[in-house]
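Student: Residue numbers (my numbering), protein chains in the order written: chain A, 1 to 397; chain B, 1001 to 1134.
Glycine included, every Cβ here is placed at the ideal spot set by N, Cα and C.
Note that the structure is predicted; figures quoted are calculated from it, not measured.
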Amino acid sequence: MKTIREINEKIKKGEAVVVTAEELIELKKTSNSKKLVEEIDVVTTGTFGPMCSSGLFINFGHSKERIKMGGGKVYLNGVSAYSGLAAVDVYIGATALPDDDPRNSKYPGEFKYGGGHVIEDLVSGKEVELIAYAYGTDCYPKKYLKTRITLSDVNEAILFNPRNCYQNYNVAVNLSNKTIYTYMGVLKPNLGNANYCSAGQLSPLLKDPYLKTIGFGTKIFLGGGIGYVCWWGTQYNPSVKRKENGIPMVGGATLALIGDLKQMKNEFLKGASLTGYGTSLIVGVGIPIPILNEEILNWVSIPDEEIFAPVVDYSYDYPNSTGKILEYVNYAQLKSGNIKLMGKNVPTGSLSSYKKAKEIAEILKNWIKNGDFLLTEPIFYFPGPESGYKFKPMKEV
Amino acid sequence: MEKKFVMHFPPILVDKPMISTVVKKYDLEFNILKAFVSPEEEGTLVIAFSGEEKNVFSAVEELKSKGVKIQLIESDIKMVKEKCTDCSVCIGFCPTGALYIDRKTFEVKFDPEKCIACELCIKGCPTNAMISTI
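In structure tokens form, the structure reads like this:
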């Protein structure tokens, strides 16, 4: 048994032993858990994939003649931002689009520029055009404003993502006889390809399946800088079906994340255009897992071969929420480039970059090793399977 | 040798048997990878010629002299490496394996020799890293 406090003392002295989850899996092949628990203090994880429930709060500061954007309309590079807040606070979401984007009227729509791209432009230090329409009040008389801003000009730029880091995810296929364009990418007809979206054995929440070390206040790598876990994520579901090893066999847990955009990097925050679907933001996240006991070590060392994902048809079953799962495949099979499905060899592709996930786990490892990043004890832990907390469908009347 | 080309036929040439003439004359084998005529009646053809090197290029020169615009396919679809995040979503739907991943480094790579310019990758790349230079 170790405590986070003890591990932090070692980090401060530059004595902590830190490895990535991938490295731990290799070590496990030649060493036993008891020995590894003694030796290893922290294991780092990483993931880099499109996460649509992401966005940015901005405070622009006040114009000389004041304007109240709240209740009006605000655009950043033509993309609409939510302004139902105080005078110069807005929130721009990853999937927001310009009013004049043709969307899917010319199917499949291209969605070349949206909220995710605005966030990427800002974090890249580029100038972004701000246009605001207001109704004018006695204290905020200005009704129209057009200017150019950069990240360093604004007061706060807070990345706040209500749902990131899905614990596990569907493998999308298409059983119909025409190509479909989904948030899981282009899916060719008749099982033409299978797309998955997880880093598997490097993915943060697959390494701590019951969130025994991750909770409110956990300090993390977010978009190339420092961020924090600030709630459980929307659609959080600890009550899903699990393998004997504890790993959820479907979606499962999620996290809400927050961090200051001003210290993030564009290599780890990218706008995404999903043809026929819309825009998104590709987010890089890395979470350190303290090796407090043998149980945690065993979870963290579960390899791709023992992590299973559900294969779902996106031509009918997903759009109609039938809940049907065609098969389960493991991440080693998915990463081999080919899976066998319904008697057919199906090529696989991933929306989540494993190369970037490795890079993130490596960066976080070095931060901790160098004493630049201390671990946090969560302020409280999130509901577990015993709580009965579930993800419900919508009530429609 | 085999070379792939994108050919654009102006409306006045669309109804002429251009390809069959050069194929016979220069003893070439051909494989049509994609063909369509636009509403403006301009024809686009993606074709592979195989045969002796000098014959392939003589055929291309002859077609050019008759007004067909021709590009070697390597210069057609390009990967903008700075935009690629190595996610690999493209490799599942690329029909020829022109887009592939190095399973050791997990880096996504593009082999223009294998590309047939179907352009699925242009639609399917989330970061717009694949571009057509036509």
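#1: Thinking L302/A and A16/A are a contact (beta carbons under 8 Å), I'd like their distance in whole angstroms, please.
#2: How would you write the range of the alpha helix (DSSP H) that T218/A sits in, first residue to last?
#3: On the CB-based measure, 16 or more other CB atoms within 10 Å of its CB, does Y144/A come out buried or exposed?
#4: Looking only at its chain, what residues have a beta carbon closer than 6 Å to the beta carbon of N170/A, apart from the 5 residues adjacent to it on each side?
#5: Please report the straight-line C-alpha distance between E1041/B and T182/A, rounded to a whole angstrom.
#6: Under the rule that 16 or more other beta-carbon atoms within 10 Å means buried, what is P319/A, buried or exposed?
#7: Would you be able to state if there are at least three C-beta pairs under 8 Å between the segment 214 to 234 of chain A and the segment 252 to 264 of chain A?
#8: For E1002/B, report the span of its beta strand (DSSP E) as first-last.
#9: Which one or two residues does DSSP pair with E1164/B in a beta bridge?
#10: Does chain B have any CB closer than 8 Å to the CB of N195/A?
#11: Beta-carbon within less than 6 Å of L205/A's beta-carbon, same chain only, minus the 5 sequence neighbours each way: which residues are those?
#12: Could one say the Cβ of L1120/B lies closer than 8 Å to chain A's Cβ atoms, at least one of them?
#13: Strictly below 8 Å CB to CB, what residues from chain B border P347/A?
#14: For R163/A, count neighbouring Cβ atoms within 10 angstroms of its own Cβ and tell me buried if that reaches 16, exposed if not.
#15: Let me check one thing: in DSSP terms, what residues is K395/A bridge-paired to?
#16: Take every Cβ of the segment 195 to 210 of chain A, pair it with every Cβ of the segment 33 to 52 of chain A, and state whether three or more of those distances are shorter than 8 Å.
#17: Any beta carbon from chain A within less than 8 Å of E1053/B's own beta carbon?
#18: Going by the CB atoms, is the gap between A96/A and S80/A shorter than 8 Å?
#19: Output, in sequence order along the chain, the residues in the segment 352 to 383 of chain A whose CB is closer than 8 Å to any CB in chain B.
#20: Can you round the beta-carbon distance between E1119/B and S1050/B to whole angstroms, since I take them to be within the 8 Å contact cut?
#21: Take G251/A and list the residues in its own chain whose beta-carbon comes closer than 8 Å to its own, dropping the five residues that flank it on each side.
#22: Under a three-way DSSP split, which group does E327/A fall into?
#23: For a contact defined as C-beta to C-beta under 7 Å, what are the partners of D1086/B on chain A?
#24: Is the beta carbon of M1/A less than 8 Å from the beta carbon of L211/A?
#25: Which residues of the segment 264 to 290 of chain A have a Cβ closer than 7 Å to any Cβ of chain B? Give them in chain order.
#26: Taking just the CA atoms, how far does K1123/B sit from L261/A?
#27: Sort out for me which residues DSSP pairs V283/A with in a bridge.
#28: Quick one: Cα of F111/A to Cα of L274/A, how far?
#29: Hey, how far is the Cα of Y156/A from the Cα of I58/A?
#30: By DSSP's criteria, D313/A is part of a beta bridge. Which residues make up the other side?
#31: Where does F308/A fall in DSSP's three states?
#32: What are the complete beta strand (DSSP E) segments, minimum 3 residues, inside the segment 332 to 392 of chain A?
#33: Mind checking whether L341/A and L326/A have CB atoms under 8 Å apart?
#34: Is it buried or exposed, D304/A, if we count other Cβ atoms within 10 angstroms and call 16 or more buried?
#35: Return the Cβ separation of G259/A and G225/A in integer angstroms, given the expectation that the two are a contact with Cβ distance under 8 Å.
#36: Between which two residues does the beta strand (DSSP E) containing P288/A stretch?
Tutor: So, from the listed chains and residues:
#1: Working through the first sequence from its first residue, we reach residue 302/A at position 302. Working through the first sequence from its first residue, we reach residue 16/A at position 16. Sequence check: residue 302/A is Ile here, not Leu. Contact doesn't hold; Cβ gap of about 23 Å is too wide.
#2: Position 218 of the first sequence holds residue 218/A. Premise fails: T218/A is in no alpha helix (DSSP H) and is neither H nor E.
#3: Sequence index remark: in the first sequence, residue 144/A carries index 144 (1-based). Result: exposed.
#4: Residue mapping note: residue 170/A aligns to position 170 of the first sequence, counting from 1. Annotation for N170/A: P310, V312 place their beta carbon closer than 6 Å to its own, counting only its chain and skipping 5 residues before and after.
#5: The residue labelled residue 1041/B in the question sits at position 41 within the second sequence. The residue labelled residue 182/A in the question sits at position 182 within the first sequence. Distance between the alpha carbons of E1041/B and T182/A is about 33 Å.
#6: In the first sequence, residue 319/A corresponds to position 319, counting from 1. Classification for P319/A: exposed.
#7: yes
#8: Here residue 1002/B refers to the residue found at position 2 of the second sequence. From DSSP, the beta strand (DSSP E) with E1002/B extends over 1002 to 1009.
#9: Given that chain B is displayed from residue 1001 to residue 1134, the structure contains no residue 1164/B and the question cannot be resolved.
#10: Here residue 195/A corresponds to residue number 195 of the first sequence, with the count starting at 1. At least one chain B Cβ lies under 8 Å of N195/A.
#11: Numbered from 1 along the first sequence, position 205 holds the residue referred to as residue 205/A. Hits under 6 Å: C165, Q167, A253.
#12: Mapped onto the second sequence, residue 1120/B falls at position 120. Closer than 8 Å to some Cβ of chain A, the Cβ of L1120/B qualifies, so yes.
#13: Indexing the first sequence from 1 puts residue 347/A at position 347. Ordered by position in chain B, the residues that pass the 8 Å Cβ test against P347/A are I1091, G1092, F1093.
#14: Along the first sequence, one-based indexing puts residue 163/A at 163. Buried: at least 16 other Cβ atoms inside 10 Å.
#15: Locating residue 395/A in the first sequence gives position 395, counting from the first residue. DSSP lists no partner for K395/A.
#16: yes
#17: Numbered from 1 along the second sequence, position 53 holds the residue referred to as residue 1053/B. So no, E1053/B is outside the interface.
#18: Taking the first residue of the first sequence as 1, we reach residue 80/A at position 80. Taking the first residue of the first sequence as 1, we reach residue 96/A at position 96. Yes, Cβ-Cβ distance for S80/A and A96/A is below 8 Å.
#19: S352, S353, Y354, K355, K356, K358
#20: Within the second sequence, numbered from 1, the residue matching residue 1119/B stands at position 119. Within the second sequence, numbered from 1, the residue matching residue 1050/B stands at position 50. With a beta-carbon spacing of about 23 Å, E1119/B and S1050/B fall beyond the 8 Å limit used to define contacts.
#21: The residue given as residue 251/A occupies position 251 in the first sequence. Same-chain partners within the cutoff: Y166, Q167, N168, Y169, N170, Q235, N237, V240, F391.
#22: By one-based count along the first sequence, residue 327/A stands at place 327. Note: E327/A maps to strand in three-state DSSP.
#23: Taking the first residue of the second sequence as position 1, residue 1086/B is located at position 86. Within chain A, the residues near D1086/B are S353, K355, K356.
#24: Counting from 1 along the first sequence, the entry for residue 1/A is found at position 1. Counting from 1 along the first sequence, the entry for residue 211/A is found at position 211. No, these two residues do not count as a Cβ contact at 8 Å.
#25: Flagged, chain order: K270, A272, S273, L274, T275, I282.
#26: Here residue 261/A corresponds to residue number 261 of the first sequence, with the count starting at 1. Here residue 1123/B corresponds to residue number 123 of the second sequence, with the count starting at 1. In this structure, the CA atom of L261/A is about 30 Å from the CA atom of K1123/B.
#27: Counted from its first residue, the first sequence places residue 283/A at position 283. Beta-bridge pairing links V283/A to G49/A, L269/A.
#28: As a working mapping, residue 111/A is identified with position 111 in the first sequence. As a working mapping, residue 274/A is identified with position 274 in the first sequence. Computed Cα separation, rounded: 7 Å.
#29: Position 156 of the first sequence, counted from the start, is the residue given in the question as residue 156/A. Position 58 of the first sequence, counted from the start, is the residue given in the question as residue 58/A. Note on residue identity: the sequence assigns Glu, not Tyr, to residue 156/A. Rounded to the nearest whole angstrom, the CA to CA distance from E156/A to I58/A is 6 Å.
#30: Here residue 313/A refers to the residue found at position 313 when the first sequence is read from its first residue. Paired residue(s): V173/A.
#31: Counted from its first residue, the first sequence places residue 308/A at position 308. Here F308/A sits in strand by DSSP.
#32: 338 to 341, 344 to 350
#33: The residue given as residue 341/A occupies position 341 in the first sequence. The residue given as residue 326/A occupies position 326 in the first sequence. Yes.
#34: Locating residue 304/A in the first sequence gives position 304, counting from the first residue. So D304/A ends up on the buried side.
#35: Here residue 259/A corresponds to residue number 259 of the first sequence, with the count starting at 1. Here residue 225/A corresponds to residue number 225 of the first sequence, with the count starting at 1. With a Cβ gap of about 6 Å, G259/A and G225/A count as contacting.
#36: Sequence index remark: in the first sequence, residue 288/A carries index 288 (1-based). Its beta strand (DSSP E) spans residues 288 to 290.
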